[in-house]
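First the structure, in the form of structure tokens, and then the observations on it.
Protein chains in written order, with my numbering: chain U, 1 to 286; chain F, 1001 to 1325.
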């Protein structure tokens, strides 16, 4: 019971983090056609900015998270305008510039703060939630609830607001949307900014639950790619499902296998899954 | 992506290449510092790997697991040499054949996936191979790294330099022949339009698997050479990042021509090494080259001469117009 509860809570927390990062990655890919490999690095920088505000400047953690979201969101707008928009439709140059951004961000953080010494954001909430025989740390509850709220807002935004509907229109047919007067560049800039802000939140939470490292984005990028593959391209439900599957695999398997074997088994499952269903759970074929 | 079907037919080109090889061959007489030899040897190894990556690329697929195939070749060769005491000269081709075998298997399984999905799946495959290499601890020594690999030559780096120079020249000749013979042209036809190619009787699957086989063979050879040169193989030697770097070498040099990956690998390996004094700042040099390439030279470094030439002719034209009454 104790073990099962622990595993399911850990799965939920991991899934929440994966979904936050993968959502921006998937949205940007399906709407603007940009394969933003720098998304993992942006997630990492989000964590470090939060650390800077919360620890060095002594601000409240939640204020620091909000500031980090704003800074990274603005960086996302910059990225879309000056790094991705000039090369829209040119997959190679987009990938090359994303790699350059990864190298710049990782090296920059490495030079500025260094990789020695443990850096962690102060915990978001302390104590444990006790309900009868069940006892969970408040931190995990807060993380999962906050992520759930953010995702609910995102889904409301995409399905109910004008901008969200325009996003869907572009992802279905860019030319048709342009003909209807949708300003495609503005919408992709908005998507990039929102996606980066969500990744920054994930970076803050991960930095609070575990430690920060300049290279923590690499693993997250792999996870985001896997989620997009599992869930299928162009489907938000797919991202949620893929994130949950991956969260369960990554939280449950280490109880029975060694860490490296977990990675291999998880990836093997994904490869086999893809061979039989290349379009993912809900997505369309590319 | 338009790929040229025929290479230059003028006699000057082979002469230039032969001259380059001769210069590289006499270089160790003047450049005795073993550190510089090391940089050149690494450049040779990665030139072979990058050009073999382009062989897969001309069939229209991007493999992001190329460093993993280097790892397969390297680990196979190193383990055979270490555990069974075979001479590295036998183990290296065996390692390359092993990489080729796995390449054929992967190429066959993934053959029906196109472009982006193929790239993503090979990416995952590369990670799986690395994880497997760290799980199989008895043979590969996992994260701590495989040490005590038998060396090809004892002592100085000069014999290594000549060995890798020869290996590179032979591999490049073979890959060049392959690209411009009928098989290579078939691959380019598939890349341009798989439907049109199949309709004239080119077997798409067989040809893509063939491209994987050839590409992975040379990647395995490069990896095996790397193993017997550095004598240490670790989890980090052939990471995901290395696969991405190989792709960067290819794109920065220019995917449209055979010389592109050679120039790209040579420049991106040698120039950051020149700035080694900057220590942790040196990755900025790599990123800087990428940015310059993306914003100024979208066709890759091979397009630089053409760009300069066209700039000159433009200026002449401009003058003529300016002087016209």
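All C-beta atoms in this analysis are idealised placements derived from N, C-alpha and C, irrespective of residue type, glycine included.
Hey, which unbroken runs of the alpha helix (DSSP H) at 4 residues or more fall wholly within the region 94 to 170 of chain U?
138 to 160
Residues near residue 27 (chain U) in its chain [Cβ-Cβ closer than 6 Å; skip 5 each side]
The sequence position of residue 27 (chain U) within the first chain is 27, counting from 1. Once the five neighbours on either side are set aside, the close Cβ partners of residue 27 (chain U) are 191 and 195.
From residue 98 (chain U) to residue 57 (chain U), what does the alpha carbon distance come to, in whole angstroms?
Position 98 of the first chain, counted from the first residue, corresponds to residue 98 (chain U). Position 57 of the first chain, counted from the first residue, corresponds to residue 57 (chain U). The straight-line gap from Cα to Cα measures roughly 31 Å.
Against chain F, does residue 272 (chain U) count as a neighbour if the rule is that its beta carbon must be under 7 Å from one of theirs?
Working through the first chain from its first residue, we reach residue 272 (chain U) at position 272. No, its Cβ sits nowhere closer than 7 Å to a Cβ of chain F.
Kindly confirm or deny that the region 235 to 250 of chain U and the region 210 to 221 of chain U touch, where touching means at least three C-beta pairs closer than 8 Å.
no
Between which residues of its own chain and residue 227 (chain U) is the CB-CB distance below 7 Å, once the five residues before and five after are set aside?
Position 227 of the first chain, counted from the first residue, corresponds to residue 227 (chain U). Hits under 7 Å: 18, 22, 239, 242, 243 and 246.
Tell me whether residue 1061 (chain F) is buried or exposed, calling it buried when 16 or more other Cβ atoms sit within 10 Å of its Cβ.
Within the second chain, numbered from 1, the residue matching residue 1061 (chain F) stands at position 61. With 16 or more Cβ atoms within 10 Å of its Cβ, residue 1061 (chain F) is classed as buried.
C-alpha gap between residue 1079 (chain F) and residue 131 (chain U), whole angstroms:
By 1-based counting over the second chain, the position of residue 1079 (chain F) is 79. By 1-based counting over the first chain, the position of residue 131 (chain U) is 131. Taking the straight line joining both Cα atoms gives about 55 Å.
Applying the criterion that 16 or more other CB atoms from any shown protein chain within 10 Å of the CB defines a buried residue, is residue 1193 (chain F) buried or exposed?
Along the second chain, one-based indexing puts residue 1193 (chain F) at 193. Residue 1193 (chain F) comes out exposed.
Best match in F:1244, F:1246, F:1075 and F:1050 for proximity to residue 1259 (chain F) [C-alpha to C-alpha]:
To locate residue 1259 (chain F), count along the second chain from 1; it is residue 259. For residue 1259 (chain F), the nearest C-alpha among the options comes from F:1050.
With distances taken from CA atoms, which of F:1201, F:1266 and F:1118 is nearest residue 1250 (chain F)?
By 1-based counting over the second chain, the position of residue 1250 (chain F) is 250. For the residues F:1201, F:1266 and F:1118, the minimum Cα distance to residue 1250 (chain F) belongs to F:1266.
Between the region 108 to 133 of chain U and chain F, which residues of the former have CB atoms less than 7 Å from a CB of the latter, in chain order?
110 and 111
So residue 1046 (chain F) and residue 1164 (chain F) are supposed to be a Cβ contact under 8 Å. How far apart are they, rounded?
Numbered from 1 along the second chain, position 46 holds the residue referred to as residue 1046 (chain F). Numbered from 1 along the second chain, position 164 holds the residue referred to as residue 1164 (chain F). Actually they do not touch by this definition, with Cβ atoms about 11 Å apart.
CB contact flag (residue 68 (chain U), residue 233 (chain U), <7 Å):
Here the question's residue 68 (chain U) lines up with position 68 in the first chain. Here the question's residue 233 (chain U) lines up with position 233 in the first chain. No, these two residues do not count as a Cβ contact at 7 Å.
Where the alpha helix (DSSP H) containing residue 1326 (chain F) begins and where it ends:
An answer regarding residue 1326 (chain F) cannot be provided, because it is not within the stretch 1001 to 1325 covered by chain F.
Taking Cβ positions only, does residue 1111 (chain F) come closer than 7 Å to chain U?
Translated into the one-based positions of the second chain, residue 1111 (chain F) becomes position 111. Output row for residue 1111 (chain F): interface = no.
Around the C-beta of residue 93 (chain U), are 16 or more other C-beta atoms found within 10 angstroms, so that it is buried, or is it exposed?
In the first chain, counting from the first residue as 1, residue 93 (chain U) sits at position 93. By the 10 Å Cβ count, residue 93 (chain U) comes out buried.
Would you report the Cα separation of residue 193 (chain U) and residue 187 (chain U), rounded to the nearest angstrom?
Here residue 193 (chain U) refers to the residue found at position 193 when the first chain is read from its first residue. Here residue 187 (chain U) refers to the residue found at position 187 when the first chain is read from its first residue. Going from the Cα of residue 193 (chain U) to the Cα of residue 187 (chain U) covers about 10 Å.
Suppose you measure from the CA of residue 1181 (chain F) to the CA of residue 1175 (chain F); what does that come to, to the nearest Å?
Stepping through the second chain from its first residue, residue 1181 (chain F) is reached at position 181. Stepping through the second chain from its first residue, residue 1175 (chain F) is reached at position 175. Cα to Cα, residue 1181 (chain F) sits roughly 10 Å from residue 1175 (chain F).
Return the chain-ordered list of same chain residues with a C-beta closer than 7 Å to the C-beta of residue 52 (chain U), the five sequence neighbours on each side being excluded.
Translated into positions along the first chain, residue 52 (chain U) becomes position 52. Closer than 7 Å at the Cβ level, and outside the excluded window around residue 52 (chain U), lies no residue.
Amino acids of chain F, ordered along the chain, whose beta-carbon sits closer than 9 Å to that of residue 225 (chain U)
Counted from its first residue, the first chain places residue 225 (chain U) at position 225. By Cβ distance, chain F contributes 1120, 1123 and 1124.
Short-range partners of chain U found in the region 1283 to 1300 of chain F, where Cβ spacing is below 9 Å
1283, 1284, 1286, 1287, 1288, 1289, 1290, 1291, 1293, 1294, 1295 and 1298
DSSP-derived helix/strand/coil call for residue 1005 (chain F)
Residue 1005 (chain F) sits at position 5 when you count from the first residue of the second chain. Residue placement at residue 1005 (chain F) is poorly supported in this model, since its pLDDT is 49, which falls under 50; the coordinates are not used for a value here.
Less than 7 Å between the beta carbons of residue 197 (chain U) and residue 73 (chain U), yes or no?
Against the first chain, residue 197 (chain U) aligns to sequence position 197. Against the first chain, residue 73 (chain U) aligns to sequence position 73. Yes, the pair counts as a contact, with Cβ atoms nearer than the cut-off.
Residue ranges of each alpha helix (DSSP H) within the region 42 to 83 of chain U, 4 or longer:
61 to 79
Own chain partners of residue 1028 (chain F) with C-beta closer than 8 Å, once the 5 adjacent residues on each side are dropped
The residue given as residue 1028 (chain F) occupies position 28 in the second chain. Cβ neighbours of residue 1028 (chain F) beyond the five flanking positions: 1037, 1158, 1161 and 1162.
Look up residue 1146 (chain F) in the DSSP assignment and say whether it is helix, strand or coil.
Position 146 of the second chain, counted from the first residue, corresponds to residue 1146 (chain F). Reduced to three states, the DSSP call for residue 1146 (chain F) is strand.
Measure the alpha-carbon distance for residue 1134 (chain F) versus residue 1232 (chain F) and round it to whole angstroms.
For the purposes of this step, residue 1134 (chain F) is taken as residue 134 along the second chain, with counting starting at 1. For the purposes of this step, residue 1232 (chain F) is taken as residue 232 along the second chain, with counting starting at 1. Looking at the two C-alpha atoms, the distance is approximately 14 Å.
CA-to-CA distance, residue 138 (chain U) to residue 10 (chain U), given in whole angstroms
On the first chain, residue 10 (chain U) is found 10 positions in, with the first residue counted as 1. On the first chain, residue 138 (chain U) is found 138 positions in, with the first residue counted as 1. Roughly 13 Å separates the two Cα atoms.
For the putative contact between residue 1294 (chain F) and residue 1254 (chain F), defined by C-beta atoms under 8 Å, what is the C-beta separation to the nearest angstrom?
Along the second chain, read from residue 1 onward, the residue named residue 1294 (chain F) stands at position 294. Along the second chain, read from residue 1 onward, the residue named residue 1254 (chain F) stands at position 254. With a Cβ gap of about 13 Å, residue 1294 (chain F) and residue 1254 (chain F) do not count as contacting.
Please report whether the beta-carbon of residue 263 (chain U) lies at a distance below 7 Å from any beta-carbon of chain F.
Start at 1 with the first residue of the first chain, and residue 263 (chain U) comes out as number 263. Chain F, which has a Cβ nearer than 7 Å to the Cβ of residue 263 (chain U), makes this yes.
For residue 1213 (chain F) and residue 1098 (chain F), what's the separation of their Cα atoms in angstroms?
Translated into the one-based positions of the second chain, residue 1213 (chain F) becomes position 213. Translated into the one-based positions of the second chain, residue 1098 (chain F) becomes position 98. Spanning the two alpha carbons is a distance of roughly 10 Å.
Does chain F have any CB closer than 7 Å to the CB of residue 100 (chain U)?
One-based indexing of the first chain puts residue 100 (chain U) at position 100. Interface residue, yes.
Please identify the residue among F:1146, F:1204 and F:1300 whose C-alpha is closest to the C-alpha of residue 1248 (chain F).
Reading the second chain from its first residue, position 248 is the one you call residue 1248 (chain F). Considering only alpha carbons, the answer is F:1300.
Taking Cβ positions, are residue 1052 (chain F) and residue 1191 (chain F) nearer each other than 7 Å?
As a position in the second chain, residue 1052 (chain F) is number 52, starting the count at 1. As a position in the second chain, residue 1191 (chain F) is number 191, starting the count at 1. No, the Cβ-Cβ distance between residue 1052 (chain F) and residue 1191 (chain F) is not below 7 Å.
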